[in-house]
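In the numbering used here, the protein residues as written are 234 to 394. Every residue, glycine too, gets a C-beta built ideally from N, C-alpha and C. Since the model is a prediction, treat every value here as computed from it, not as a measurement. Beneath this line is the structure, given in structure tokens, with notes to follow.
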């Protein structure tokens, strides 16, 4: 280290010139550097939360959304389903909310002889055991719902706002 200090003290102009050349060279090369403000692009696709984020980004036009999770031991009761139904309807009527996707309003797409039939999964909150069983069946067979709006263990619902 003393040799380096001696060199800098003996040839200060050479040292400053060398630093200036290195700085200019790095500055010139820096023109090819690009900044990515979206940090989610750097995340690997194997992370489940990243895959969900990307999938929801295709559904919603904006990257700004809120995910509300509701969990419990048995969500498929008339009381819980009515709560989710009412919350979804209230959010849909709110002028500040662009879009709402919940287990109670996702579309069901069925193939028919004429083409396809698209309708909401529910017309009203299910009350009877058979209505709840039908809703659960439709939800479990919906690619958008399972794993996104309904946990695979069936103990949590999600609402995308």
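Sub-7 angstroms separation of residue i and residue j beta-carbons
i           : j           : result
residue 392 : residue 330 : no
residue 353 : residue 338 : yes
residue 351 : residue 342 : yes
residue 241 : residue 248 : yes
residue 203 : residue 369 : Since the first and last residues shown for the chain are 234 and 394, residue 203 lies out of range.
residue 276 : residue 267 : no
C-alpha distance - residue i paired with residue j, whole-angstrom precision
i           : j           : result
residue 321 : residue 271 : 30 angstroms
residue 399 : residue 344 : This structure does not reach residue 399, given that the chain is present from 234 up to 394, and the question cannot be answered.
residue 287 : residue 359 : 31 angstroms
residue 259 : residue 280 : 35 angstroms
residue 361 : residue 347 : 32 angstroms
Proximity to residue i [Cα-Cα], best of the options
i           : options            : result
residue 301 : 385, 276, 333, 279 : 333
residue 315 : 260, 238, 357, 259 : 357
residue 274 : 261, 327, 290      : 290
Cβ separation of residue i and residue j, assumed to be a contact under 8 angstroms, to the nearest whole Å
i           : j           : result
residue 383 : residue 336 : 6 angstroms
residue 385 : residue 379 : 7 angstroms
residue 381 : residue 285 : 6 angstroms
Give the list of continuous beta strand (DSSP E) stretches no shorter than 3 residues that lie fully inside the segment 277 to 314. Listed in chain order, the complete beta strand (DSSP E) runs (minimum 3 residues) inside the segment 277 to 314 are 300 to 304.
Residue ranges of each alpha helix (DSSP H) run of no fewer than 4 residues wholly in the segment 343 to 394, ordered along the chain? If we require 4 residues or more, the alpha helix (DSSP H) runs fully inside the segment 343 to 394 come out as 362 to 373.
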